[in-house]
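Q: Sharing a structure with you now.
Residue numbers (my numbering): 69 to 324.
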């Protein structure tokens, strides 16, 4: 039987919009791992603590979602930082989230960078190594989530980290396997039918259709869904049901 992880970026409380903790909680039944904001692009101590407790109760794997220090732009601004500073900001954020796990008798499962940090590390081996080094030095048993085919995945494996290749349910793709930039008018898939069809293609065929119509190979080990969309809970439920109906088990990757 095929298996797939469904991960979701959560805990992203911000002054940029009305964050809904209830919406995050409503998505938990349909995912197998969660990436919690660590305060640099979004999130705050209370939300982090609340989400850790709720996610543990739901039996879902908990990961950190570190970013550039960029709350004003939700971590989506490219920042030209030296690798030693990137190492430090990632390490700092892992420690912040892990504190809430420790007091609840749990530990981190994985790390998935956010926004501009994620996108730049997909192509920049120096930045990717700074992130991988911070993750490995914090806990070498953690799983590093990154874009399928990216430098982050390649570097993580080279540094002896377990990796999980990620594809996106609601994002469109370019011919090289990269995500369409968010500024593009067709960066997001907006219909439930299109999202479900793309997910099934990526999981069952290990390919995705690019914006220009080409069939692009991907390695789909985890599917990212987003909690901030207007219909996020409905999309999450539809994706989960479609996978189960296709006899694809939804489960988080095993941490060794």
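Ideal Cβ placement from N, Cα and C applies to all residues, glycine included.
Pop quiz: residue 223 and residue 196 are said to be a contact at Cβ under 8 Å. What is the actual Cβ separation, rounded to whole angstroms?
A: Here residue 223 is taken as the residue at index 155 of the chain shown, counted from 1. Here residue 196 is taken as the residue at index 128 of the chain shown, counted from 1. Rounded, the Cβ-Cβ distance is 4 Å, consistent with contact.
Q: Quick one: residues in its chain with C-beta nearer than 8 Å to the C-beta of residue 299, no 5 flanking neighbours on either side, listed in chain order?
A: Walking along the chain shown from the start, residue 299 turns up at place 231. Within the same chain, residue 299 has close Cβ partners 260.
Q: DSSP three-state label for residue 312, please.
A: Translated into positions along the chain shown, residue 312 becomes position 244. Helix at residue 312.
Q: Could you check the C-alpha separation between residue 80 and residue 146 for me, to the nearest Å?
A: Along the chain shown, read from residue 1 onward, the residue named residue 80 stands at position 12. Along the chain shown, read from residue 1 onward, the residue named residue 146 stands at position 78. The alpha-carbon atoms of residue 80 and residue 146 are separated by roughly 19 Å.
Q: Quick one: using the 10 Å Cβ neighbour count with 16 as the cut-off for buried, is residue 258 buried or exposed?
A: Translated into positions along the chain shown, residue 258 becomes position 190. Looking at its Cβ environment, which holds fewer than 16 other Cβ atoms inside 10 Å, residue 258 is exposed.
Q: Rounded to whole angstroms, what's the CA-CA distance from residue 186 to residue 232? Just pull it up for me.
A: Counting from one through the chain shown, the residue named residue 186 turns up at place 118. Counting from one through the chain shown, the residue named residue 232 turns up at place 164. When rounded, the distance between both Cα atoms is 14 Å.
Q: Return the residue from the list 142, 137, 324 and 110 that minimises the CA-CA distance to residue 212.
A: Residue mapping note: residue 212 aligns to position 144 of the chain shown, counting from 1. Ranking the options by Cα distance to residue 212, first place goes to 324.
Q: Residue 251 by DSSP, collapsed to three states: which one?
A: Taking the first residue of the chain shown as position 1, residue 251 is located at position 183. Residue 251 falls in the coil class under three-state DSSP.
Q: So within the region 196-279, which uninterrupted alpha helix (DSSP H) runs reach at least 4 residues, ignoring any that extend past its ends?
A: Counting only runs of 4 or more, we get 219-226 and 260-273.
Q: Could I get the ranges of all uninterrupted alpha helix (DSSP H) runs contained in the region 152-203, with 4 residues as the minimum, in chain order?
A: Runs of the alpha helix (DSSP H) inside the region 152-203: 183-189.
Q: Under 7 Å: does the beta carbon of residue 320 sit that close to some heavy atom of the ligand COA?
A: This structure lacks the ligand COA; in fact it carries no ligand of any kind.
Q: What is the residue span of the beta strand (DSSP E) that residue 147 lies within?
A: Sequence index remark: in the chain shown, residue 147 carries index 79 (1-based). Residue 147 -> no beta strand (DSSP E), and no H or E assigned at all.
Q: State the DSSP-derived secondary structure class of residue 103, mapped to helix, strand or coil.
A: Here residue 103 corresponds to residue number 35 of the chain shown, with the count starting at 1. Three-state result, residue 103: strand.
Q: For residue 106 versus residue 159, is the C-beta spacing smaller than 8 Å?
A: As a working note, residue 106 is residue 38 in the chain shown. As a working note, residue 159 is residue 91 in the chain shown. No, the Cβ-Cβ distance between residue 106 and residue 159 is not below 8 Å.
Q: Note down the Cα distance separating residue 315 from residue 151, rounded to an integer number of angstroms.
A: Here residue 315 is taken as the residue at index 247 of the chain shown, counted from 1. Here residue 151 is taken as the residue at index 83 of the chain shown, counted from 1. Looking at the two C-alpha atoms, the distance is approximately 43 Å.
Q: Among the residues of its own chain, which have a CB less than 8 Å from the CB of residue 95, if the five just before and after it don't count?
A: Locating residue 95 in the chain shown gives position 27, where the first residue counts as 1. 76, 78, 293, 295, 300, 301 and 304, listed in sequence order.
Q: What do you get for residue 228, buried or exposed, if any count of 16 or more other CB atoms within 10 angstroms of its CB means buried?
A: Here residue 228 refers to the residue found at position 160 of the chain shown. Flag for residue 228 reads exposed.
Q: Sorted by chain position, which residues of the same chain lie with C-beta nearer than 6 Å to residue 247's C-beta, five sequence neighbours on each side aside?
A: Here residue 247 refers to the residue found at position 179 when the chain shown is read from its first residue. Closer than 6 Å at Cβ, skipping near neighbours: 239.
Q: Would residue 252 be called buried (16 or more neighbouring beta carbons within 10 Å of its own) or exposed?
A: The sequence position of residue 252 within the chain shown is 184, counting from 1. Residue 252 is exposed by the Cβ-count criterion.
Q: Looking at the secondary structure, which residues open and close the beta strand (DSSP E) in which residue 119 lies?
A: For the purposes of this step, residue 119 is taken as the residue at position 51 of the chain shown. Unbroken run through residue 119 is the alpha helix (DSSP H), 113-126; no beta strand (DSSP E).
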